[in-house]
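To start, the structure itself, in structure tokens.
In my numbering, the protein residues as written are 521 to 621.
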């Protein structure tokens with residue numbers, strides 16, 4: 521429904537961020553309820569990795585929903601190397617006029 525109603529990018533990113541938090545909570549609850557025992561230590565590295573992974577997912581959603589995936593410098597580089605077909609659409613970026621160095 522978020523795509524059908526063309527909601528603003530902020531709502532779309534918050535939708536993804538909330539869904540990822542719910543998924544994480546569901547996984548932790550399922551693991552706790554199952555009674556599975558593990559000897560793995562919960563080190564700060566584990567929490568840092570989980571936090572950075574979550575941040576990467578949210579930043580990826582922000583880039584995707586704001587249309588920043590093909591910014592000008594990236595388009596020039598991609599066009600110079602025969603970039604992806606999306607790089608020739610003027611609605612996405614103006615890299616169809618980029619010249620190779």
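Beta carbons are placed, not taken as given, at the ideal position from N, Cα and C, and that holds for glycine.
Output the distance between the C-alpha atoms of residue 532 and residue 568, rounded to the nearest integer angstrom. Mapped onto the chain shown, residue 532 falls at position 12. Mapped onto the chain shown, residue 568 falls at position 48. Near 25 Å, if we compare the C-alpha coordinates of residue 568 and residue 532.
If you measure between the beta carbons of residue 537 and residue 578, is that distance less than 8 Å? Locating residue 537 in the chain shown gives position 17, counting from the first residue. Locating residue 578 in the chain shown gives position 58, counting from the first residue. Cβ atoms of residue 537 and residue 578: closer than 8 Å.
Which two residues bound the contiguous alpha helix (DSSP H) that contains residue 562? Within the chain shown, the letter at position 42 stands for residue 562. Counting along the chain, residue 562 falls outside any alpha helix (DSSP H), and DSSP gives it neither H nor E.
Hey, is residue 587's beta-carbon within less than 8 Å of any beta-carbon in chain D? Of the chains in the structure shown, none is chain D; there is only one protein chain.
Using only CA atoms, which one of 534, 562, 571 and 561 lies nearest to residue 581? Position 61 of the chain shown, counted from the first residue, corresponds to residue 581. Taking only the C-alpha atoms, the option nearest residue 581 is 534.
CB residue 573 to CB residue 529, shorter than 8 Å? Within the chain shown, the letter at position 53 stands for residue 573. Within the chain shown, the letter at position 9 stands for residue 529. At least 8 Å separates the beta-carbon of residue 573 from that of residue 529.
Whole angstroms are fine: how far does the CA of residue 527 sit from the CA of residue 571? Reading the chain shown from its first residue, position 51 is the one you call residue 571. Reading the chain shown from its first residue, position 7 is the one you call residue 527. Distance between the alpha carbons of residue 571 and residue 527: 27 Å.
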